[in-house]
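Here the structure is laid out as structure tokens; the discussion comes afterwards.
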DNA sequence: CTAATATTCAAACATGCGTTTAAATCGAAC
DNA sequence: GTTCGATTTAAACGCATGTTTGAATATTAG
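Residue numbers (our numbering), protein chains in the order written: chain A, 13 to 231; chain B, 13 to 231.
Following this line, the structure appears as structure tokens:
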């Protein structure tokens, strides 16, 4: 029989309904009914509703960040030092392609990601950010290589600008050409990053740790 | 007696708890207890929990967008055509100052705003965006004036990048110097906007309506 | 075939929610 | 001082939720 396993059917239905109605509004009864499984199956296979949410996240983020790192390696091997636009594209394009691809699943999942970011779910945040923190670190290093002499504190702040622009863009519901949006965003971000790279910025630039490692690590 | 009126005490407590736990998790029992009023007072004064949320939003957004427009008028009167950086600062600074001001209330409210954006609450969205759509329109016009010959469709897309960077930055929980963050973001955004202003962009740039008027209007 | 293990199932449990109700209390006007 | 509308109060209603339970059913192993 081509019937998917119970776990996967639960994950699929949960992803759809979490993204559509939010974590707390999507009930396990809705989810299990949409998945065509019994209500208690969630607790049997995942333990709790919260654990189910985490499992939904893990399944997608693994694939996304793997695609990002793969494209980053390619960008790093193509020139020395790496080209800024190539690094940014490796960060931006897989996310946009995933969120706006032909399958609507990716877009739905990105909505879910935005929700989780806004919800500031501490447990989920901690679990996820520790799993994928190294991805953001790798990109920060690559951008620093592409912009020699840049101010690290300013660069980190500007990276948050890029993540914000990307996250917000992904959450937009109308979908048009992914490639052109990605290139617009890459050009926009590259110009912005270079605008602070010439050693301008006379003032303090207080380097407060603790700003990194938030959920942006995942988007 | 210096006791605040019941309505205001409910609004204050609701803003805190909505921002802290989200709309659906913050219960009316929590809110009324924190406000020191009876549970039924919410329905007597506001009608429903949803209407209470809307009232919380209105109270803050009025002040924020008024401050933005005031600073925009000043920027428009200072030079002809207006300077791009001044226009952007009028959009960015009041929001950042409000969200990171000495009172923690502003920051909490910005969290609430992000939540509402992520929640895609249709009713709230419709009510709010229609009330403040003209603010975004005014800023789009001003930026178009500051960048003569710019592509309107591209400009709108880039404006979303700016809104995203701003929203994301506001939601960051650590608070440091507002003025320096604002100027970093303004320089970043100005460079990005100018990067697409020289008539580049040969491809389509399909102008799909319906992209505007989303909740970004409020942030 | 049988025994043991893994999975599914229907039903119930306890809890918290938004909302409603009707009586009690307050504040000013006559 | 009494009356009348506005406000506050305590209690209850109806309902949906996440979770647990224990029996029924599949699945696998010996």
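For glycine and all other residues, C-beta sits at the position ideal for the given N, C-alpha and C.
Residues are counted here when their Cβ sits less than 8 angstroms from a Cβ of chain A; for the region 59 to 83 of chain B the count is zero. At a cut-off of 9 angstroms between beta-carbon atoms, residue 170 of chain A makes contact with chain B. For residue 118 of chain B, the secondary structure class from DSSP, reduced to helix, strand or coil, is helix. Exposed is the label assigned to residue 138 of chain A, since fewer than 16 other Cβ atoms lie within 10 Å of its Cβ. Shown here for residue 49 of chain B: same chain residues with a beta carbon closer than 7 angstroms to its own, the five before and five after excluded, namely 18, 21 and 22 in chain order.
Under a 10 Å Cβ-count criterion, residue 85 of chain A is classified as exposed, with fewer than 16 other Cβ atoms of the shown protein chains found around its own Cβ. Residue 131 of chain B and residue 198 of chain B do not touch by the CB rule: their CB atoms are close to 29 angstroms apart, not below 8 angstroms.
By the beta-carbon neighbour count (other beta carbons within 10 angstroms, threshold 16), residue 105 of chain A is buried.
With its beta carbon at least 9 angstroms from every one in chain B, residue 140 of chain A lies outside the interface. A direct Cα-to-Cα measurement between residue 153 of chain B and residue 160 of chain B gives close to 11 angstroms. Of all residues in the region 154 to 181 of chain B, the ones placed with a Cβ closer than 9 angstroms to any Cβ belonging to chain A are 166, 169, 170, 172, 173, 174, 175, 176, 177, 178, 179, 180 and 181, in chain order.
Using a Cβ distance threshold of 9 angstroms, residue 175 of chain B and residue 180 of chain A count as a contacting pair.
For chain A, the residues of the region 190 to 201 of chain B that bring a beta carbon within less than 8 angstroms of one of its beta carbons are 192, 193, 196, 197, 199, 200 and 201, in chain order.
Straight-line spacing of the CA atoms in residue 110 of chain B and residue 79 of chain A works out to 38 angstroms. Identification of residues in the region 21 to 54 of chain A having a C-beta nearer than 8 angstroms to some C-beta of chain B yields 34, 36 and 37, given in sequence order. The beta-carbon separation of residue 42 of chain B and residue 29 of chain B, rounded to 6 angstroms, stays under the 8 angstroms limit for a contact.
What residue 207 of chain B touches in chain A, judged by beta-carbon distance under 7 angstroms, is 199, 200 and 203, going in chain order. With a cutoff of 9 angstroms on beta-carbon distance, residue 35 of chain A and residue 127 of chain A are scored as near each other. At a cut-off of 9 angstroms between beta-carbon atoms, residue 126 of chain A makes contact with chain B. Excluding sequence positions up to five before and after residue 97 of chain A, its CB lies within less than 8 angstroms of the CB of 198, 199 and 202, all in the same chain and listed in chain order. At the C-beta level, residue 120 of chain A and residue 193 of chain B stay beyond 9 angstroms of one another.
Taking 9 angstroms as the threshold, the shortest C-beta distance from residue 135 of chain A to chain B does not fall below it. In this structure, B/157 is the residue among B/182, B/157 and B/92 with its C-alpha nearest to the C-alpha of residue 206 of chain B. Residue 63 of chain A and residue 124 of chain B have their C-alpha atoms roughly 25 angstroms apart. Burial of residue 162 of chain B is indicated by the presence of at least 16 other C-beta atoms within 10 angstroms of its C-beta. For residue 98 of chain A, the enclosing alpha helix (DSSP H) stretches over residues 96 to 111.
By the neighbour-count definition (other C-beta atoms within 10 Å, threshold 16), residue 44 of chain B is a buried residue. Taken atom to atom, the span from the alpha-carbon of residue 122 of chain A to that of residue 182 of chain A is near 7 angstroms. A residue is called buried once 16 or more other Cβ atoms fall within 10 Å of its Cβ, and residue 177 of chain B is buried on that count.
Residues 106, 107 and 110 of the same chain have their beta carbon placed closer than 8 angstroms to that of residue 76 of chain A, with the five preceding and five following residues left out of the count.
Between residue 87 of chain B and residue 94 of chain B, the beta carbon gap of about 5 angstroms places them in contact (Cβ cut-off 8 angstroms). The beta carbon of residue 67 of chain A sits closer than 7 angstroms to the beta carbons of 23 and 58 from its chain, once the five residues preceding and following it are set aside; these are given in chain order. In the three-state DSSP reduction, residue 25 of chain B falls in the helix class (H, G or I). Within a 10 Å sphere around the beta-carbon of residue 171 of chain A sit 16 or more other beta-carbons, which makes this residue buried. Taking 9 angstroms as the cut-off, the Cβ atoms of residue 103 of chain B and residue 173 of chain B do not count as close.
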